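This report concerns only the one structure given below.
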Amino acid sequence: MKIGFIGCGNMAQAIIGGLLKQGVAGTQDILATTSKAESAKKAAEALGISVITENEKVAAEADILVVAVKPIFYEAVLAEIKEQIHKEQIVISIAPGKSLAWLGEQIGADKKIVRTMPNTPALVGEGMTGVCVNENVTNGDMAKVMQVLEACGKAEMVPERLMDVVVSVSGSSPAYVFMFIEAMADAAVADGMPRAQAYEFAAQAVLGSAKMVLETGKHPGELKDMVCSPGGTTIEAVRVLEAKGMRSAVIEAMKACTEKCK
Ligand SMILES: NC(=O)c1ccc[n+]([C@@H]2O[C@H](COP(=O)([O-])OP(=O)(O)OC[C@H]3O[C@@H](n4cnc5c(N)ncnc54)[C@H](OP(=O)(O)O)[C@@H]3O)[C@@H](O)[C@H]2O)c1
Numbered sequence: 001m002k003i004g005f006i007g008c009g010n011m012a013q014a015i016i017g018g019l020l021k022q023g024v025a026g027t028q029d030i031l032a033t034t035s036k037a038e039s040a041k042k043a044a045e046a047l048g049i050s051v052i053t054e055n056e057k058v059a060a061e062a063d064i065l066v067v068a069v070k071p072i073f074y075e076a077v078l079a080e081i082k083e084q085i086h087k088e089q090i091v092i093s094i095a096p097g098k099s100l101a102w103l104g105e106q107i108g109a110d111k112k113i114v115r116t117m118p119n120t121p122a123l124v125g126e127g128m129t130g131v132c133v134n135e136n137v138t139n140g141d142m143a144k145v146m147q148v149l150e151a152c153g154k155a156e157m158v159p160e161r162l163m164d165v166v167v168s169v170s171g172s173s174p175a176y177v178f179m180f181i182e183a184m185a186d187a188a189v190a191d192g193m194p195r196a197q198a199y200e201f202a203a204q205a206v207l208g209s210a211k212m213v214l215e216t217g218k219h220p221g222e223l224k225d226m227v228c229s230p231g232g233t234t235i236e237a238v239r240v241l242e243a244k245g246m247r248s249a250v251i252e253a254m255k256a257c258t259e260k261c262k
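See the structure below:
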């Protein structure tokens, strides 16, 4: 199975890295393109795969084709490779806001089209990807698609109407979490902790907390209650966070993100 990537930046490299590491594909099974020859050379050296600048060539050879350019370039790139795409190929989009219907208009609604929304933790094998497909994608195709997407984290099917929500809850949310980590570290620095150590303590606390949610299956509120001793220090911090509107700020921010995506 040949896996092609149109565009070989952050997201493509994260997925390719996962495919190679997990042994889902070998270096000879993966082809990619960039717009500039110098970035092709750099990506080829970093990944050990063939990276060229001819999109049509990769589109013609791939069994699964991941379109990994920025959303503003989608229309032009899809127009460029439209003639090479055939009915047996699976085309995966990773761009926010590009619907299955829109993608079908660009390359033909009779093609197998997969719309996904990954996130940057894919770079460290902990991505979360929302997936929906058009009616041409079979169960057999899905098994291959999931193998590709799960090479760098988790992937889950969602109805297309929820794809904009996936953008705010997992596509963009690493940015909010990084802000939270940075703010916690700033506070620790303000109270005398060296900065590098502050990032480590804050980030590890977030990592561990996320694992507790995923692994215990307990409600996040119950896990919060477990940390809050009566009359203790944590409930004081919780009181201030509630007074400053932390939950409301997160909810409003995510609603703005989903709206923008729509
Ligand atoms: N980053 C995120 O957090 C994130 C999360 C979810 C989804 N996404 C989506 O993933 C996609 C890729 O994002 P990214 O962060 O990986 O972008 P990126 O790092 O900027 O990479 C874009 C790649 O596309 C190449 N490219 C540009 N124009 C091209 C063309 N005409 N033909 C072939 N290749 C071309 C670039 O090559 P040159 O460098 O040579 O121009 C580069 O390799 C976007 O649609 C984005 O919305 C990103």
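So in this note's numbering, spot 153 of the sequence shown is number 153, and the numbers just go up one at a time. All residues carry an ideal CB built from backbone N, CA and C; glycine is no exception. Everything numeric in this text was worked out from a predicted model, so none of it was measured.
Residue nearest to residue i in terms of C-alpha spacing, selected from the options
{"i": "P159", "options": "V114, V77, E222 and S39", "result": "V114"}
{"i": "Q140", "options": "S99, I90 and D110", "result": "The sequence shown places Gly at residue 140, not Gln. The candidate whose alpha carbon is nearest that of G140 is I90."}
{"i": "V238", "options": "I251, K224, A249 and S248", "result": "K224"}
{"i": "A205", "options": "F178, G217, G192 and E80", "result": "F178"}
{"i": "E56", "options": "E105, H86 and I15", "result": "H86"}
{"i": "Q138", "options": "M212, E88, L78 and K98", "result": "Note on identity: in this sequence residue 138 is Thr, with Gln being the wrong assignment. When only C-alpha atoms are compared, the closest one is E88."}
{"i": "L19", "options": "A40, A249, L123 and V165", "result": "L123"}
{"i": "D29", "options": "S35, G17 and N136", "result": "G17"}
{"i": "E45", "options": "C8, A143, M212 and M163", "result": "C8"}
{"i": "A134", "options": "G192, G208 and D110", "result": "First, the amino acid is wrong: residue 134 is Asn here, not Ala. The candidate whose alpha carbon is nearest that of N134 is D110."}
{"i": "I64", "options": "S229, M142 and M246", "result": "M142"}
{"i": "F201", "options": "E215, A183 and K218", "result": "A183"}
{"i": "R247", "options": "S39, Y176, N136 and Q22", "result": "Y176"}
Cβ-based neighbour list, residue i, same chain, cut-off 6 Å, excluding 5 preceding and 5 following
{"i": "G127", "result": "P118, N119, P121, C152 and G153"}
{"i": "V24", "result": "Q147 and A151"}
{"i": "F5", "result": "A12, A32, V66 and A68"}
{"i": "A198", "result": "A185, A188 and V189"}
{"i": "A203", "result": "I181"}
{"i": "M157", "result": "V131"}
According to DSSP, residues forming a beta bridge with residue i
{"i": "T116", "result": "V131"}
{"i": "M157", "result": "V131"}
{"i": "G4", "result": "L31 and L65"}
{"i": "S39", "result": "According to DSSP, S39 bridges with nothing at all."}
{"i": "I52", "result": "T33"}
{"i": "S170", "result": "Bridge partners of S170: none, in fact."}
{"i": "S209", "result": "Beta-bridge pairing links S209 to no other residue."}
C-beta contact flag for residue i and residue j at 7 Å
{"i": "V240", "j": "T234", "result": "no"}
{"i": "A59", "j": "Q84", "result": "yes"}
{"i": "I52", "j": "K82", "result": "no"}
{"i": "E61", "j": "K112", "result": "no"}
{"i": "P96", "j": "V167", "result": "yes"}
{"i": "K269", "j": "Y74", "result": "For residue 269 there is no data in the structure shown, the boundaries of the chain being 1 and 262."}
{"i": "K255", "j": "D164", "result": "no"}
Burial state of residue i, where buried means 16 or more other Cβ atoms lie within 10 Å
{"i": "S170", "result": "buried"}
{"i": "A101", "result": "exposed"}
{"i": "N10", "result": "exposed"}
{"i": "S172", "result": "buried"}
{"i": "I49", "result": "buried"}
{"i": "V77", "result": "buried"}
{"i": "A14", "result": "buried"}
{"i": "T27", "result": "exposed"}
{"i": "L47", "result": "buried"}
Close-in-space but distant-in-sequence residues of the same chain around residue i (CB under 7 Å, 5 per side omitted)
{"i": "R195", "result": "A185 and V189"}
{"i": "A155", "result": "T129, V131, M146 and L149"}
{"i": "A37", "result": "T53"}
{"i": "L103", "result": "S93, I113 and R115"}
{"i": "G125", "result": "G18, C152 and G153"}
{"i": "P220", "result": "V213"}
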